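Peer 1:
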Amino acid sequence: MVSEDECADHTMSGEAKDSEERPKWDNKVQYLLTCIGFAVGLGNVWRFPYLCQVYGGGAFLIPYAIALVFEGLPLLYLELAIGQRLRAGSVGVWTSISPYMGGLGVASLFVSFLVGLFYNMILAWILWYFFHSFQSPLPWTDCPLNSNHTGYIPACEDSTPVNYFWYRETLNISANIETSGGLQWWLVLCLASAWCLVYICFIRGIETIGKAIYVTVTFPYLVLTIFLIEALTLPGADDGLVYLFTPNWETLKNPQVWLDAATQIFFSLSLAFGGLIAFSSYNPQKNNCESDALIVGCVNSFTSLYASIPIFAILGFLANENYIDCQNSNILTLTNAFNIGDENITRQNYEEWFEHLNFSDPSKVESLQLKTCDLQTFLDQSASGTGLAFIVFTEAVIKMPGSQVWSVLFFVMLFMLGLSSMFGNLEGVLTPLLDLQVIPSWIPKELLTGLICLTSFGVGLIFTLGSGNYWLEIFNSYVGSLPLLIIAFFEIISVVYIYGIKRFIEDIEWMTGKRPNLFWRINWCVISPLMLLIVFLAYVFVESETTVTYQVWNPDYVSLIKNTICILLSVFPVLSIPLVSCFHTKQNKTKKSQKNSTTSWCVLSLFGCRSYFT
1 MVSEDECADH TMSGEAKDSE ERPKWDNKVQ YLLTCIGFAV GLGNVWRFPY
51 LCQVYGGGAF LIPYAIALVF EGLPLLYLEL AIGQRLRAGS VGVWTSISPY
101 MGGLGVASLF VSFLVGLFYN MILAWILWYF FHSFQSPLPW TDCPLNSNHT
151 GYIPACEDST PVNYFWYRET LNISANIETS GGLQWWLVLC LASAWCLVYI
201 CFIRGIETIG KAIYVTVTFP YLVLTIFLIE ALTLPGADDG LVYLFTPNWE
251 TLKNPQVWLD AATQIFFSLS LAFGGLIAFS SYNPQKNNCE SDALIVGCVN
301 SFTSLYASIP IFAILGFLAN ENYIDCQNSN ILTLTNAFNI GDENITRQNY
351 EEWFEHLNFS DPSKVESLQL KTCDLQTFLD QSASGTGLAF IVFTEAVIKM
401 PGSQVWSVLF FVMLFMLGLS SMFGNLEGVL TPLLDLQVIP SWIPKELLTG
451 LICLTSFGVG LIFTLGSGNY WLEIFNSYVG SLPLLIIAFF EIISVVYIYG
501 IKRFIEDIEW MTGKRPNLFW RINWCVISPL MLLIVFLAYV FVESETTVTY
551 QVWNPDYVSL IKNTICILLS VFPVLSIPLV SCFHTKQNKT KKSQKNSTTS
601 WCVLSLFGCR SYFT
């Protein structure tokens with residue numbers, strides 16, 4: 001255990017060294033927008049609505065709100081406060097608190113780097129779809145012709161044009177993860193373009209981020225509002241909204257609901273990545289970090305709810321369109337089979353005609369193999385992540401009037417959301433590297449940023465392979481999950497029980513002018529670490545009971561991933577925590593041993609001198 005005096009020495013020396021050199025935000029709005037941009041990302045658009053749909057609509061909001069209040073906001077407040085007080089990135093903050101905890105910052109660095117690798121690949125896919133959104137008709141509207149121009153490509157006819165464009169034209173996906181499939185040159189170009197855009201916006205740190213953030217954060221809200229107005233006018237929009245927000249209270253009995261709610265609010269706020277600590281370190285120390293945490297946390301949750309409304313209004317419209325197409329297909333089949341006039345069977349009397357024909361000639365009706373047309377079934381076809389963005393939503397767009405315009409707006413919005421989140425990921429890598437002081441002083445920050453982007457691009461080429469989508473799913477499932485829970489748990493332990501909750505409260509009082517109330521103190525000391533521990537244990541238990549699989553192009557093929565890969569991605573980022581702690585423990589034992597040896601020699605020498613003079 002490190003004493004408070006040692007902590008103070010580390011803290012004060014860090015402040016003195018950094019107080020005049022550290023850059024600052026131009027204004028408070030710039031800082032808040034950057035934190036909001038980092039927290040609000042793609043998950044708010046394609047993960048939160050999915051969880052609401054799967055877990056009982058409005059009922060899911062109850063565990064979500066509990067997780068926000070007792071886990072998300074206290075952790076967010078803690079990170080913003082400690083970064084602002086110690087004015088350092090994640091490595092500098094935790095090393096100042098205790099050298100034994102310096103591995104926390106390195107762990108955050110690794111997580112930010114690995115998450116940035118696959119997150120920017122998603123931006124590359126978005127750019128690919130954005131470039132194709134200017135075509136008329138959209139390239140995923142119809143199946144492409146075969147080489148002889150005598151019909152459509154069979155693989156597309158067996159699936160859908162939307163699926164074919166995603167899996168074949170975009171990913172050119174291989175059969176399984178063992179088959180690499182080679183680099184796809186168009187994805188390599190899109191990935192290079194994405195990293196170039198990130199570098200241009202990030203080239204001078206918060207000086208350029210602060211300017212770009214005014215556009216990348218505000219523009220998605222404008223697009224969401226435009227989508228909201230349009231979506232609510234579409235036929236079937238009300239079915240989607242009713243389906244989304246109708247509470248199913250029985251789902252609250254499922255422990256998985258509470259686990260997913262806790263992890264969703266945790267990852268949605270981008271906690272434990274180190275980016276929020278770095279951003280708050282550029283604040284003046286006299287700043288109300290409590291109000292900052294409340295603003296960022298509430299805006300993040302509001303955005304999730306706000307994005308759910310147009311998303312599910314459009315999905316309701318798509319379900320109705322598919323329901324109508326299904327009925328029309330059956331009507332055409334029945335009229336051809338029974339030689340009934342087109343004007344006789346309509347969608348309004350379809351059910352009556354079907355019952356009549358099924359009663360009069362059931363064997364013939366059965367032989368027609370009619371489709372099952374049920375609106376609830378189409379609404380149940382939920383999707384999240386890339387499935388929602390690149391399959392479900394693109395299918396909905398082609399059915400909307402002015403599909404090119406909506407497609408362009410949708411993918412620009414996604415790119416802006418992802419870009420502002422990438423700023424936080426890159427800051428979570430750059431600032432700790434500077435804190436570690438392993439970079440030669442003659443290397444300018446612009447060059448260092450370029451080297452980070454170039455290295456990330458080189459490693460990220462694995463996601464441009466034919467098997468790249470499989471690798472991305474693995475990284476997404478294991479890099480940004482368990483490591484973050486571990487980091488966050490030790491962050492709270494470090495601040496409350498090593499730095500000292502009393503000193504931390506006094507620091508906040510000095511920065512904000514008021515002491516944190518009893519709610520914050522109880523959460524920091526008991527509730528939040530306990531919740532993190534419970535979520536961690538539940539997550540490990542669920543994962544140990546689950547067979548690791550991934551979805552492939554061929555729906556009849558299921559492949560298992562070696563558990564070694566998943567364990568490595570979960571454990572490797574946080575290995576620095578025990579390694580750094582063990583290193584300092586061994587170093588201190590060596591120093592203590594040397595000190596005892598020196599003391600013994602001095603004592604023996606004194607006795608020798610005394611005997612000589614006597």
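Numbering (the UniProt record's numbering), first residue to last: 1 to 614. Using N, Cα and C, we set each Cβ at its ideal position, and we do this for glycine too. Just so it is clear, the structure is predicted and the values come from calculations on it, not from any experiment.
Please state whether DSSP places residue 282 in a helix, a strand or coil.
Peer 2: Taken through DSSP and simplified to helix, strand or coil, residue 282 comes out as coil.
Peer 1: On the DSSP bridge list, what partners appear for residue 86?
Peer 2: BP columns for residue 86 are empty, so no partner.
Peer 1: According to DSSP, simplified to helix, strand and coil, what is residue 539?
Peer 2: helix
Peer 1: For residue 44 and residue 325, I'd like the C-alpha separation in whole angstroms.
Peer 2: For residue 44 and residue 325, the distance between alpha carbons rounds to 31 Å.
Peer 1: In three-state terms, what does DSSP make of residue 55?
Peer 2: coil
Peer 1: Taking only the alpha-carbon atoms, compute the straight-line gap between residue 262 and residue 336 and give it to the nearest angstrom.
Peer 2: Those two C-alpha atoms are separated by around 54 Å.
Peer 1: Residue 615 and residue 58 look like a contact to me (Cβ under 8 Å); what is the Cβ gap, rounded to whole Å?
Peer 2: Because the chain here runs from 1 to 614, residue 615 falls outside it and cannot be looked at.
Peer 1: Buried or exposed, going by whether 16 or more other CB atoms sit within 10 Å of the CB of residue 442?
Peer 2: exposed
Peer 1: What's the gap between the Cα of residue 352 and the Cα of residue 139?
Peer 2: 39 Å
Peer 1: For residue 232, name the three-state secondary structure that DSSP assigns.
Peer 2: coil
Peer 1: Check whether the segment 287-299 and the segment 35-55 are in contact - that is, three or more C-beta pairs closer than 8 Å.
Peer 2: yes
Peer 1: Expressed to the nearest angstrom, what Euclidean distance is found between the alpha-carbon atoms of residue 25 and residue 284?
Peer 2: Answer to the nearest angstrom: the Cα atoms are 9 Å apart.
Peer 1: Comparing alpha-carbon positions, which option in 466, 23, 162, 487 lies nearest residue 178?
Peer 2: 466
Peer 1: Mind pulling the alpha helix (DSSP H) runs of 4 or more residues that sit fully within the segment 349-386?
Peer 2: 350-360, 362-367, 375-380
Peer 1: Hey, would you say residue 80 sits closer than 7 Å to residue 260, going by beta carbons?
Peer 2: no
Peer 1: Within 10 Å of its beta-carbon, does residue 520 have 16 or more other beta-carbons around it, so buried, or fewer, so exposed?
Peer 2: buried
Peer 1: Using a 10 Å radius around the Cβ and a threshold of 16 neighbouring Cβ atoms, would you call residue 155 buried or exposed?
Peer 2: exposed
Peer 1: Ordered along the chain, which non-local residues of its own chain (more than five positions away) have a Cβ less than 7 Å from that of residue 528?
Peer 2: 70, 71, 74, 75, 492
Peer 1: For residue 55, tell me which candidate among 477, 289, 115, 253 has the shortest Cα-Cα distance.
Peer 2: 253
Peer 1: Is DSSP giving residue 183 helix, strand or coil here?
Peer 2: Residue 183: strand per DSSP, three-state reduction.
Peer 1: Can you find the residues in the same chain that come closer than 7 Å, C-beta to C-beta, to residue 208, ignoring five residues on each side of it along the sequence?
Peer 2: 201, 202
Peer 1: Below 8 Å, can you find three or more Cβ-Cβ pairs linking the segment 139-153 to the segment 408-423?
Peer 2: no
Peer 1: Out of 439, 377, 394, state which residue places its alpha-carbon closest to the alpha-carbon of residue 240.
Peer 2: 377
Peer 1: Could you give the distance in angstroms between the alpha-carbon of residue 533 and the alpha-carbon of residue 522?
Peer 2: Straight-line spacing of the CA atoms in residue 533 and residue 522 works out to 16 Å.
Peer 1: State the Cα-Cα distance for the pair residue 558 and residue 183, rounded to the nearest angstrom.
Peer 2: For residue 558, the pLDDT reaches just 40, beneath the cut-off of 50, and the residue's location in the model is therefore unreliable, although a value from the coordinates is still provided. C-alpha separation (whole angstroms): 23 Å.
Peer 1: Cutting at 6 Å between CB atoms, please list the residues of its own chain near residue 480, excluding the five before and the five after it.
Peer 2: 115
Peer 1: Between 497, 64, 515, which lies nearest to residue 255 when the distance is taken from Cα to Cα?
Peer 2: 64
Peer 1: For residue 227, which option in 46, 280, 501, 406 has the closest C-alpha, if you only look at C-alpha atoms?
Peer 2: 406
Peer 1: Can you tell me the Cα-Cα spacing of residue 219 and residue 229, whole angstroms?
Peer 2: Approximately 16 Å, taken between the alpha carbons.
Peer 1: Go ahead and pull the three-state DSSP assignment for residue 274.
Peer 2: coil
Peer 1: Determine the DSSP secondary structure at residue 465, reduced to helix, strand or coil.
Peer 2: strand
Peer 1: Please name the residue in 583, 489, 475 whose C-alpha comes closest to that of residue 566.
Peer 2: 475
Peer 1: Taking the C-alpha atoms as reference points, what is the distance between residue 344 and residue 357?
Peer 2: 13 Å
Peer 1: Would you check if the segment 110-128 and the segment 447-459 touch, i.e. whether three or more CB-CB distances between them fall below 8 Å?
Peer 2: yes
Peer 1: Look at the alpha carbon of residue 544 and the alpha carbon of residue 537, and state the distance between them as a whole number of angstroms.
Peer 2: 11 Å
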